[in-house]
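Everything on this sheet refers to the single structure shown next.
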Amino acid sequence: MTQVTEVAAAVMLRGDPAAPEFLLAQRPPGKVYAGYWEFPGGKIEPGETARAALVRELQEELGITVEQAWPWVCCEFSYPHATVRLRFFRVNTWHGELAAIEHSNLVWLPAGAAASVAPILPANAPILRALALPSLYALSNAEEYGVAAELARLQNALSNGLRLFQVRDKTLPPTQRHAFARQVVALAARHAQVVVLINDDQELARTVGAGGVHLSSQQLWQIERRPDFARVAASCHGAADLARAAGLGLDFVVLGPLLPTASHPGTAGIGWSAFAQLVERSSLPVYALGGLQPEMLETARSRGGHGIALLRGWR
Numbered sequence: 149m150t151q152v153t154e155v156a157a158a159v160m161l162r163g164d165p166a167a168p169e170f171l172l173a174q175r176p177p178g179k180v181y182a183g184y185w186e187f188p189g190g191k192i193e194p195g196e197t198a199r200a201a202l203v204r205e206l207q208e209e210l211g212i213t214v215e216q217a218w219p220w221v222c223c224e225f226s227y228p229h230a231t232v233r234l235r236f237f238r239v240n241t242w243h244g245e246l247a248a249i250e251h252s253n254l255v256w257l258p259a260g261a262a263a264s265v266a267p268i269l270p271a272n273a274p275i276l277r278a279l280a281l282p283s284l285y286a287l288s289n290a291e292e293y294g295v296a297a298e299l300a301r302l303q304n305a306l307s308n309g310l311r312l313f314q315v316r317d318k319t320l321p322p323t324q325r326h327a328f329a330r331q332v333v334a335l336a337a338r339h340a341q342v343v344v345l346i347n348d349d350q351e352l353a354r355t356v357g358a359g360g361v362h363l364s365s366q367q368l369w370q371i372e373r374r375p376d377f378a379r380v381a382a383s384c385h386g387a388a389d390l391a392r393a394a395g396l397g398l399d400f401v402v403l404g405p406l407l408p409t410a411s412h413p414g415t416a417g418i419g420w421s422a423f424a425q426l427v428e429r430s431s432l433p434v435y436a437l438g439g440l441q442p443e444m445l446e447t448a449r450s451r452g453g454h455g456i457a458l459l460r461g462w463r
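Going left to right, the sequence shown walks through residues 149 to 463 as the working numbering numbers them.
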């Protein structure tokens, strides 16, 4: 059985939360993969929690004291010399001056842009891609509000910085859904870095030129390989779904329902405690879904979520 080395790693973020910069550190001469860029962090010692290891490592490597660190994704990667399980934390606040105590150099890079340094440790490639995802994932609700009203709501949201949108509305008549999806893609094209996903219809996504698809939990188990789109997401309801999405190499998932929703007010959601347990070892960014409001974003992040998915509360 392969021995796995547990590692705590920091995605340090600064600047505008909607377009932050993140820190990479360069491995010094004499170490394995010398000259490669990585996220700072290090090995979790026996009896040590991942967060405690993170705090200790950042003090030793960068000379700072962590104030806020939220669990994020957990990735396993096999190098020729070792297999590592990287527990990533998003570090938003700290005190002390950053110093390259145990690295050759430090660099701040804009999230979502192509990295301007190389080479980067291969285990970190999925993390760079995940950093491009915004914190809000908006879902269409034209079935309830009407197509014209939903397009007006979307236009306003895009002007306010919305960058990730799903055409849901699966009960609209096919011709109407097609026209709606085409109008959504056209609106999104007027704004930079906006990704539109189509729920459960790969043919429609290709026809209207969408950026990807969002799979239902049912379709997640019906396909054998990742659909050929730039972005592919899925709806998950438990640990098996999360593992299936990761195995297919998807980009992100939504997990829920978290809380009672307007459409199912009598149905209890999984709750924040179960959500945190389920995402603890997810290798994919997870959006919390179901009964949420925009002001719950910080709560979702503190429980390990990447962000929140909203059907009604976005604008």
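Using N, Cα and C, we set each Cβ at its ideal position, and we do this for glycine too.
Starting from residue i, trace the beta strand (DSSP E) in both directions and tell me its first and last residue.
| i | result |
| --- | --- |
| F187 | Element bounds for F187: n/a, residue is neither H nor E. |
| E215 | T213 to S226 |
| L312 | L312 to V315 |
| Q341 | Looking at the DSSP string, Q341 is not in any beta strand (DSSP E), and its letter there is neither H nor E. |
| G455 | G455 to L458 |
| P274 | Premise fails: P274 lies in the alpha helix (DSSP H), A273 to A278, not in any beta strand (DSSP E). |
| A286 | L284 to L287 |
| L352 | It is not in any beta strand (DSSP E) - L352 instead sits in the alpha helix (DSSP H) that spans Q350 to V356. |
| E292 | Per DSSP, E292 belongs to no beta strand (DSSP E); it is in the alpha helix (DSSP H), A290 to Y293. |
| A156 | V152 to R162 |
| L363 | G360 to L363 |
| Q174 | E169 to Q174 |
| Y435 | V434 to L437 |
Taking residue i as the reference, give the member of the options with the closest Cα.
| i | options | result |
| --- | --- | --- |
| S364 | L320, A378, A336 and A393 | A393 |
| W242 | R204, F423, L279 and S226 | R204 |
| V333 | P321, A290, G357 and N272 | G357 |
| S130 | R460, A436, W462 and L458 | This structure gives no information on residue 130, because the portion of the chain shown stretches from 149 to 463. |
| R316 | E250, R330, S307 and C222 | R330 |
| A388 | V343, P405 and L368 | L368 |
| E224 | R233, W218 and L445 | R233 |
| S288 | A280, L246 and A305 | A305 |
| A266 | L206, G309, Q324 and Q174 | Q174 |
| A410 | L459, Q370 and D399 | L459 |
| D348 | A336, H326 and A340 | H326 |
| F400 | P433, I418, Q425 and Q207 | P433 |
| E428 | T197, S252, R235 and E250 | R235 |
| G419 | L398, E443 and T447 | T447 |
| V155 | K179, G178, D164 and E196 | E196 |
| A378 | A353, Y293 and G417 | A353 |
| R480 | E351, P321, G359 and S307 | As displayed, the chain neither begins before 149 nor continues past 463, which places residue 480 out of reach and without an answer. |
| A300 | L335, L445 and G404 | L335 |
| S252 | S226, G452 and K179 | K179 |
| V295 | L276, A201, F328 and Q303 | F328 |
| A340 | A167, T150, A157 and P228 | A167 |
Assuming contact is defined by CB atoms lying nearer than 8 Å, are residue i and residue j in contact in what I supplied?
| i | j | result |
| --- | --- | --- |
| A182 | P188 | no |
| N272 | E215 | no |
| W462 | L246 | no |
| A262 | V239 | no |
| V361 | S383 | no |
| P258 | F237 | no |
| L407 | G386 | no |
| S430 | L396 | no |
| G455 | Y285 | yes |
| V159 | F170 | yes |
| V342 | A278 | no |
| A280 | G260 | yes |
| G190 | G244 | no |
| A137 | G452 | Residue coverage of the chain in this structure runs from 149 to 463, which leaves residue 137 outside it and unanswerable. |
Between residue i and residue j, which are expected to be in contact by the criterion C-beta below 8 Å, what is the C-beta distance as a whole number of angstroms?
| i | j | result |
| --- | --- | --- |
| P282 | L312 | 5 Å |
| Q314 | L345 | 5 Å |
| L172 | V255 | 5 Å |
| I249 | E209 | 6 Å |
| E291 | T319 | 6 Å |
| V380 | R374 | 6 Å |
Return the first residue and the last residue of the alpha helix (DSSP H) that residue i is part of.
| i | result |
| --- | --- |
| V203 | A198 to L210 |
| A448 | L445 to S450 |
Secondary structure, beta strand (DSSP E): runs of 3+ residues fully inside the stretch 370 to 395:
You should have 379 to 384.
Quick check for students: name the residue ranges of the alpha helix (DSSP H) that lie wholly in the stretch 395 to 431, counting only runs of 4 or more.
Within the stretch 395 to 431, the complete alpha helix (DSSP H) runs of at least 4 residues are 419 to 427.
Could you pull out every unbroken beta strand (DSSP E) segment of at least 3 residues lying fully inside the stretch 238 to 277, listed in chain order?
Counting only runs of 3 or more, we get 253 to 258.
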